[in-house]
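By the count of my numbering, the sequence shown reaches residue 491 at its end, each step adding exactly one.
Here a beta-carbon is modelled for each residue, glycine too, at the ideal position from N, C-alpha and C.
A short write-up of the structure that comes next.
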Amino acid sequence: MLEAGKTKFQIDLRRYLREDGVDDKLTHLICEIAEASKYIVNSIRTGDLGVAGTSNLYGEEQLALDVLSDRIMRKRLAKSGVVSNVASEETRDVIALSPHCAGNYSVAFDPLDGSSLVDVNLAVGTIVSIYAGSDLMQRGKRQVAALYILYGPRTTLVYTTGNGVHEFGMNQLMEYTLLRRNIRLAPKAGIYSPGGLRNRYSPGVEGFVCYLEAKGAKLRYSGGLVPDVNQLLIKSNGIFFYPHLQGAPQGKLRLLYELNPMAFLIEQAGGAASNGRQRILEVQPQAIDDCQPFFGGCRDDVAKAEELIASRG
179 MLEAGKTKFQ IDLRRYLRED GVDDKLTHLI CEIAEASKYI VNSIRTGDLG VAGTSNLYGE
239 EQLALDVLSD RIMRKRLAKS GVVSNVASEE TRDVIALSPH CAGNYSVAFD PLDGSSLVDV
299 NLAVGTIVSI YAGSDLMQRG KRQVAALYIL YGPRTTLVYT TGNGVHEFGM NQLMEYTLLR
359 RNIRLAPKAG IYSPGGLRNR YSPGVEGFVC YLEAKGAKLR YSGGLVPDVN QLLIKSNGIF
419 FYPHLQGAPQ GKLRLLYELN PMAFLIEQAG GAASNGRQRI LEVQPQAIDD CQPFFGGCRD
479 DVAKAEELIA SRG
């Protein structure tokens with residue numbers, strides 16, 4: 179593997195995956211997801227920003243862009259020919275594509291995380307979690323790949339297959355080429371992105387925020403999971419958290435669609451991801467809509483959050 183940092187060479191995504199030793203079927207699947215993102219980008223730039231008149235399984239009103247992005251993703255995943263089952267944040271059930279085909283993958287995804295930010299022109303993203311076989315109800319440590327695509331001033335794709343974290347950017351030809359390889363997190367965070375209302379934090383979480391403020395960490399929060407996690411990875415020294423809250427002990431973020439893939443990426447960059455009491459990737463999902471508290475980023479600070487929650491709640 180080449181050393182960390184920016185690349186001077188225009189290495190495209192498919193070539194890099196192959197040179198990284200990724201299985202042909204998994205390479206094909208990741209490239210199909212990358213292809214889907216090109217259509218989602220166009221939808222964000224030109225599409226309807228209104229509501230769709232429907233709701234997802236969490237009772238949240240769906241935007242037209244949510245529905246369209248979900249259709250684009252499902253169509254590309256079906257076209258890949260290597261996907262057994264899919265679960266989307268925008269649908270109520272696991273959808274079987276080719277459940278009896280040996281050697282296929284199962285995919286959980288959030289097609290357009292943070293879609294409510296589009297109308298104010300803030301960054302949003304797609305989050306994807308990939309498992310071998312047809313069972314999506316597995317601990318996150320069983321993922322074979324995870325990635326997100328950030329639709330911001332630039333469109334970037336960040337992935338891991340368990341061999342480091344690598345960033346690609348969409349060029350003028352709408353092709354993904356390598357920007358950074360082997361992204362690594364420092365042990366301690368210099369920035370933090372806190373979700374949830376602070377007046378609903380537990381004593382342990384409030385103590386953690388005070389600890390971050392006392393050491394001079396800067397608050398940087400966009401309200402979008404993808405841009406905030408991307409910030410901590412690319413800046414290499416941050417922590418994102420959406421904790422347990424008074425009245426919401428499981429937090430807000432979804433284990434299958436959001437936390438498992440982000441935790442896999444953060445750990446592969448040398449960081450840590452926890453629900454405040456245990457490693458996120460060890461949590462066994464009980465249903466596709468499970469939520470968990472989340473603390474992800476620089477390892478020392480995640481450990482500090484766990485310490486304070488253990489002692490203060």
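Nearest candidate by alpha-carbon position, reference residue i, set the options
i: residue 456; options: 367, 394, 381, 317; result: 317
i: residue 410; options: 383, 385, 283, 444; result: 444
i: residue 352; options: 490, 367, 217, 475; result: 217
i: residue 377; options: 425, 273, 214, 390; result: 425
i: residue 472; options: 466, 465, 459; result: 459
i: residue 215; options: 253, 198, 195, 199; result: 253
i: residue 123; options: 263, 224, 447; result: The structure shown does not extend to residue 123, since the chain spans only 179 to 491, so no value can be given for it.
i: residue 320; options: 342, 439, 296; result: 439
i: residue 365; options: 219, 221, 242, 481; result: 481
i: residue 400; options: 250, 467, 303; result: 303
i: residue 432; options: 415, 403, 371; result: 403
i: residue 286; options: 265, 195, 470; result: 265
i: residue 200; options: 273, 338, 267, 257; result: 338
Residue environment, residue i, which counts as buried when at least 16 other CB atoms sit within 10 Å
i: residue 298; result: exposed
i: residue 193; result: exposed
i: residue 358; result: buried
i: residue 489; result: exposed
i: residue 477; result: buried
Residue i versus residue j: straight-line alpha-carbon distance, rounded
i: residue 395; j: residue 381; result: 19 Å
i: residue 498; j: residue 309; result: Any property of residue 498 remains undetermined from this structure, which presents the chain solely from 179 to 491.
i: residue 270; j: residue 387; result: 36 Å
i: residue 314; j: residue 423; result: 27 Å
i: residue 204; j: residue 283; result: 8 Å
i: residue 487; j: residue 379; result: 11 Å
i: residue 475; j: residue 323; result: 19 Å
i: residue 419; j: residue 350; result: 34 Å
i: residue 296; j: residue 241; result: 10 Å
i: residue 428; j: residue 278; result: 34 Å
i: residue 329; j: residue 261; result: 25 Å
i: residue 461; j: residue 355; result: 34 Å
i: residue 221; j: residue 325; result: 20 Å
i: residue 466; j: residue 434; result: 7 Å
i: residue 397; j: residue 288; result: 26 Å
Limits of the unbroken alpha helix (DSSP H) element including residue i
i: residue 206; result: 202-224
i: residue 389; result: 381-392
i: residue 438; result: 438-446
i: residue 485; result: 477-490
i: residue 409; result: 403-413
i: residue 335; result: Taken as a continuous stretch (DSSP letters only), residue 335 belongs to no alpha helix (DSSP H), being part of the beta strand (DSSP E) at 333-338.
i: residue 329; result: Element bounds for residue 329: not the alpha helix (DSSP H) but the beta strand (DSSP E), 321-329.
i: residue 194; result: 191-197
Limits of the beta strand (DSSP E) - the one that residue i falls within
i: residue 294; result: First-last for residue 294: undefined, no H or E at that position.
i: residue 307; result: 302-310
i: residue 359; result: 354-359
i: residue 345; result: 344-348
i: residue 351; result: Careful: residue 351 lies outside any beta strand (DSSP E) and carries neither H nor E.
i: residue 370; result: 369-372
Next item on the list: List in chain order: all unbroken alpha helix (DSSP H) runs of 4+ residues lying wholly within the segment 238-276.
Entry: 242-258
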